[in-house]
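So for the sequence shown, this note's numbering puts the first residue at 1089; every next one is plus one.
Cβ atoms here follow ideal geometry from the backbone N, Cα and C, with glycine treated the same way.
Source: prediction; values computed, not measured.
Scroll down for the structure; my scribbles are underneath it.
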Amino acid sequence: MTQTAQLKNSAAWTASSFFSTTAEKTPVVDGPIGRSYGYYTGKVVTTAFDLFYPGAIGVPEFSRQWHLTRLGDIGKVWEDYTGRGVSVGVYDSGVQSTHWDLARNYDASKHVVVDGITMSGEPGADMQGHGTSVAGLIAAARNGRAGVGVAFDAQVTGINIFNAALPIDVNGGNSAAFFNALSQANQFDVVNHSWGDSRTSVSTANSRATPGTFQNLLSESFAYAAETGRGGLGTITIGAAGNDGRDHQSQGSKTDRHGIAVSAYREADGVSSYYTSKGAHILVAGPSNDFSELGGTGLVATDLLGVDGYNMNIDPETAADYTDSFGGTSGATPVVTGVVSLILDANEGLGWRDVKNILAASAKMPVAFETGAVVQRLVSNGFTVLVGMNENPFQLNGDTAGWNGGAMHFSNDYGYGAVDAYGAVRMAEVWSLFRAAPLVSGNETMATTGIMPVGLTANTDIDLSSISTFDANSDITGTPQRFTFEVNQSTDVEHIDLTINYTHTAIEKRNGQIESTLVGGLANAQFKLIAPDGTVGFTFQDGDFFEDSGPGQEFVFGFSGFRGVETKGTWTLEFQSLDMDFDVRFPGNDFPLIDNSLTLNSIKMDMFGSTPTADDVYTYTNEFFTMKAIDGESATRGVLSDTNGGADWINAAAVTKAVDVSLAAGGRTTFGGNAAFTIAAGSVIENVVTGDGADRLLGNGVDNKLYGMRGNDWLNGGAGNDTLFGGTGNDVFWFETLAVSGKDKVLDWSFGDTIATSKQLRGADQNGILTVGSNALLLLDNSVRGDTAELVGEGGATLIALGKSNGQWIYGFLTEGDADFTDGRVQESSLGQTGRAANDTAAFAFAELPGAHTGNSFDMHQAAFYLYDTMGDAMATGAQLYA
1089 MTQTAQLKNS AAWTASSFFS TTAEKTPVVD GPIGRSYGYY TGKVVTTAFD LFYPGAIGVP
1149 EFSRQWHLTR LGDIGKVWED YTGRGVSVGV YDSGVQSTHW DLARNYDASK HVVVDGITMS
1209 GEPGADMQGH GTSVAGLIAA ARNGRAGVGV AFDAQVTGIN IFNAALPIDV NGGNSAAFFN
1269 ALSQANQFDV VNHSWGDSRT SVSTANSRAT PGTFQNLLSE SFAYAAETGR GGLGTITIGA
1329 AGNDGRDHQS QGSKTDRHGI AVSAYREADG VSSYYTSKGA HILVAGPSND FSELGGTGLV
1389 ATDLLGVDGY NMNIDPETAA DYTDSFGGTS GATPVVTGVV SLILDANEGL GWRDVKNILA
1449 ASAKMPVAFE TGAVVQRLVS NGFTVLVGMN ENPFQLNGDT AGWNGGAMHF SNDYGYGAVD
1509 AYGAVRMAEV WSLFRAAPLV SGNETMATTG IMPVGLTANT DIDLSSISTF DANSDITGTP
1569 QRFTFEVNQS TDVEHIDLTI NYTHTAIEKR NGQIESTLVG GLANAQFKLI APDGTVGFTF
1629 QDGDFFEDSG PGQEFVFGFS GFRGVETKGT WTLEFQSLDM DFDVRFPGND FPLIDNSLTL
1689 NSIKMDMFGS TPTADDVYTY TNEFFTMKAI DGESATRGVL SDTNGGADWI NAAAVTKAVD
1749 VSLAAGGRTT FGGNAAFTIA AGSVIENVVT GDGADRLLGN GVDNKLYGMR GNDWLNGGAG
1809 NDTLFGGTGN DVFWFETLAV SGKDKVLDWS FGDTIATSKQ LRGADQNGIL TVGSNALLLL
1869 DNSVRGDTAE LVGEGGATLI ALGKSNGQWI YGFLTEGDAD FTDGRVQESS LGQTGRAAND
1929 TAAFAFAELP GAHTGNSFDM HQAAFYLYDT MGDAMATGAQ LYA
């Protein structure tokens, strides 16, 4: 096995200068010193999302774990989910299991076994602290002594693949043993790979599609874990994108759809870290360090005990069991692994593809959408230099994504954006509502174009040295070659593989004379894949890893950013080859001109995802108004239109403010009291789930499912046979008993909830107390065949009349029902009665109703109420609980 696998922690710092002669763009070269700013705008860049402090433990390490403040309201998440029951494999340099902040959560029972020998998961003789820091970011215990992991109750196990004394050493000669260890990743729920290859050529010898290559064997192992892990739901594989600061499609295993590639962004301003690798294959970004010269700060994480390991920056030679200098994409990746552990704690039934979709849908922009290229202006050795940070602006991908009313944001620097634990967990809780089965390897679909001959050559006189590095890394330069092709299949895309067969020739010239000619791997080549809706996937492979390997090379690129694309239609592949004049880049030196020529022989595009369905999910997050404010987006995102039928959902589980939603055509939805969108005439949306706010959910004339989740919610299904779930909080279930309510079910009638009806409910006794058996059916209009409200539950309940409010009769939960209660009488009365509300109505903590008022007495009007008890037989629903 020949490879140079390396730990991804930090990279050597080198200041670089950038120049541009792009006519239509004027760079700002005299921006503020030491601040990140827009290269073409001069605007100082700041973090675009809110920070949340997760609480106080009273120890300095925890207070300095700034990365926890970047994950949404993780303190709120920890009230319910901490990673308990989730197992994580850390393929790294070993984990010090005796560390006092890891010992409680270390699981030695999952050490890998090769040829009957259990492999130690501890650090080797060289005592590298990398794996210990990675494990701490994931699952350091919350014991009040120092910092905590993102999922501080998850279980971690070390698999030391950087110990030369073990046969599973990734850089050793025992390939079979290493891949045997990798195949055992399927015993974990999640695996973390904060390591990767050094840069390799984009050629047949390094393609993950070429059988027997290292990248191919890695990809096959990730696929095996996805297929067999978690009982077929799939082990979640998460890997560091790399620290070379470039488009790293050359590391093919990280572009494979079975894994999650993670880039890094920094504390100071949300800008992508200087060193982070990038590419169209990145799914999300995690918080991590940056170089101190650029104002970067390290991650605070567990370190080897005593003087071993990284220690503290202030005195690296002094014993310290924690470090404040961890980072690289190695640091960003375990943060994401911790978030995935929280996701699986919230919903263990998710498939590996579900998890990827949740991460993408919940990710947020670390910087403003329009930021684009970012630089810092520094003084170094007496010279002022511009240091490139972000290179790729965010773009809108996938018109049919239905995300915040439109397309999704994507950038080669961040993927879909910064990972957000709060949004991801809230989505995970409700994700199983939307599909009958989890998304796994077994139900993944694939559409392909097959091999298509191209036979076009890009051979330009454009010199890479004459244009901005930003421009080369973000879009096609000049007039490229274009190849258009038709796709006849429709697929709900999650990932695209593009296989290219090419011949690339580099002619070295000096003083106009040809000195050498190389034919082989790509150098300074740009590829731009354009979907029918205009969504773009872009990759630039520069010239530092060219090799002479012959014509007809083949390589697979991976693209993560095509979610929401309608695949059927005309696609375009643009490609360009740029020359390199070293004398221009480094004047005064006798360097050659490299004249590049790229011929695309053939291509094949494979699209992976799901079979399209009319059952649509429209996802909304706290970024809705940000996306709506983007130029040209207001009108589109302000109207929700769905005319293709199916059972559709509005998913607002990740919206923190109060949601007021009406599913009626023309109905208006607000977030936090601000108008968000309306439902277009002729559109029918059946179902809605909301989040933590005090939400108001109103159905329409069809069968609706209304899920309020957290908060004190108000639910009214309207007409149709509706399913109502209030979730945690004091919820109000509102019924119009005028032959318009339908046959409804309340899934979670419990203490603190209230029922409001147009007609007065009446039990067997005339004291305002209503005792109902299991799965009680409230007859709302005098007949079991008419409007009803079924209170789903095993033991029934005792209700108490609380008075009349806003024209509705109010009933509260008094006690759990008696499991032995078998009163199945149908009780009808048209007589008046005198009832009395509880002396202390606050004891029932029912939600405040619109226009509500309460009192200790009230007048009972004509009852017209029937109480029918089904005694838990045919009415049982087996309802799932999501709160």
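Identify the residues that DSSP records as bridge partners of residue i: which are they?
i: TYR1128; result: According to DSSP, TYR1128 bridges with nothing at all.
i: ARG1598; result: GLN1601
i: PRO1541; result: SER1690
i: TRP1166; result: Per DSSP, none; premise fails for TRP1166.
i: PHE1645; result: LEU1586
i: GLU1662; result: ARG1570, LYS1616
i: PHE1074; result: Past the boundaries of the shown model lies residue 1074; the chain is included only from 1089 to 1971, so the question cannot be answered.
i: ALA1352; result: GLY1374
i: ALA1877; result: ASP1832, LEU1866
i: TRP1837; result: DSSP output for TRP1837 lists no bridge partner at all.
i: PHE1379; result: DSSP, once it has assigned bridges, lists no residue as partnering PHE1379.
i: VAL1202; result: ILE1205
Does DSSP put residue i in a helix, a strand or coil?
i: LYS1716; result: helix
i: ALA1889; result: strand
i: HIS1592; result: strand
i: LYS1831; result: strand
i: GLY1177; result: strand
i: TRP1154; result: helix
i: GLN1921; result: Because the pLDDT of GLN1921 is 25, which lies under 50, any placement of that residue in the model is unreliable, and the question is left without a value.
i: LYS1656; result: coil
i: LYS1366; result: strand
i: GLN1337; result: coil
i: LEU1430; result: helix
i: VAL1914; result: Because the pLDDT of VAL1914 is 23, which lies under 50, any placement of that residue in the model is unreliable, and the question is left without a value.
i: LEU1306; result: helix
i: TRP1101; result: Confidence is the limiting factor: at TRP1101 the pLDDT is only 45, short of 50, which leaves the residue's position unreliable, though a coordinate-based value still follows. In this structure, TRP1101 counts as coil in the three-state DSSP scheme.
i: PHE1626; result: strand
i: ASN1193; result: helix
i: ASP1442; result: helix
i: ASP1138; result: coil
i: ALA1329; result: coil
i: LEU1606; result: strand
Restricting to Cα atoms, I'd like to know which of the options is closest to residue i.
i: ALA1265; options: THR1206, ALA1512, HIS1336, SER1338; result: THR1206
i: PRO1620; options: ASP1630, THR1572, GLN1664; result: THR1572
i: PHE1615; options: SER1637, ASN1268, PHE1645; result: PHE1645
i: THR1288; options: GLY1726, SER1698, ASP1667, GLY1608; result: GLY1608
i: ASN1331; options: MET1477, VAL1542, ARG1230; result: MET1477
i: THR1134; options: GLY1126, GLY1367, PHE1813; result: GLY1126
i: ASP1580; options: HIS1369, GLU1574, ASN1445, ASN1480; result: ASN1445
i: ALA1763; options: GLY1779, LYS1745, ASP1780, VAL1776; result: LYS1745
i: VAL1280; options: ASN1262, TYR1502, VAL1176, GLY1217; result: Here the sequence assigns Asn to residue 1280, which means Val is not the residue at that position. Nearest of ASN1262, TYR1502, VAL1176, GLY1217 to ASN1280, Cα basis: VAL1176.
i: VAL1200; options: ASN1274, ALA1253, SER1151; result: ASN1274
i: PRO1700; options: SER1263, ALA1329, GLY1900, MET1534; result: MET1534
i: ASP1378; options: VAL1705, VAL1395, ALA1352; result: ALA1352
i: LEU2000; options: ASP1683, SER1221, PRO1115; result: Residue 2000 lies beyond the range of the chain shown here (1089 to 1971); nothing can be said about it.
i: TRP1491; options: SER1553, ILE1738, PHE1643; result: ILE1738
Below 8 Å on the Cβ atoms is my guess for residue i versus residue j; work out the distance and round it to an integer in Å.
i: PHE1628; j: ASN1547; result: The pair is not a contact, with the Cβ atoms about 17 Å apart (cut-off 8 Å).
i: ASP1636; j: LEU1606; result: 4 Å
i: ASP1832; j: ASP1810; result: 5 Å
i: SER1729; j: ALA1768; result: 4 Å
i: VAL1624; j: THR1425; result: 29 Å between Cβ atoms; not a contact.
If we cut at 8 Å on Cβ distances, does residue i have a partner in chain B?
i: GLY1460; result: The question asks about chain B, but that chain is absent: this structure has only one protein chain.
Give a single yes or no on whether residue i has its beta carbon closer than 7 Å to a heavy atom of the ligand ATP.
i: GLY1856; result: In the structure shown, the ligand ATP is absent, as is every other ligand, since no ligand is present at all.
Exercise. Determine contact between the stretch 1804-1818 and the stretch 1772-1790, defined as no fewer than three beta-carbon pairs at a distance below 8 Å.
Key: The stretch 1804-1818, when compared against the stretch 1772-1790, does touch it at the 8 Å Cβ threshold.
Quiz item: Are at least three pairs of beta-carbons, each pair with one atom in the stretch 1244-1251 and one in the stretch 1177-1184, less than 8 Å apart?
Solution: Contact between the stretch 1244-1251 and the stretch 1177-1184 is present, because at least three Cβ pairs lie under 8 Å.
Quiz item: Is the stretch 1354-1371 touching the stretch 1487-1503, taking contact as three or more C-beta pairs under 8 Å?
Solution: Yes, the stretch 1354-1371 touches the stretch 1487-1503.
Quiz item: Touching or not, the stretch 1730-1744 and the stretch 1510-1527, by the rule of three or more beta carbon pairs under 8 Å?
Solution: Verdict: yes, contact present.
Practice problem: Would you check if there are 3 or more beta carbon pairs closer than 8 Å linking the stretch 1227-1243 to the stretch 1429-1441? | Solution: Yes, the stretch 1227-1243 is in contact with the stretch 1429-1441.
Quiz item: Is the number of C-beta pairs between the stretch 1163-1174 and the stretch 1403-1411 that are closer than 8 Å three or more?
Solution: The stretch 1163-1174 makes no contact with the stretch 1403-1411, as fewer than three CB pairs between them are under 8 Å.
Quiz item: So does the stretch 1326-1342 actually touch the stretch 1359-1367, counting three or more Cβ pairs closer than 8 Å?
Solution: Judged by Cβ distances under 8 Å, the stretch 1326-1342 makes contact with the stretch 1359-1367, as three or more pairs qualify.
Self-check item: Three or more C-beta pairs below 8 Å linking the stretch 1307-1319 and the stretch 1455-1469
Solution: No, the stretch 1307-1319 does not touch the stretch 1455-1469.
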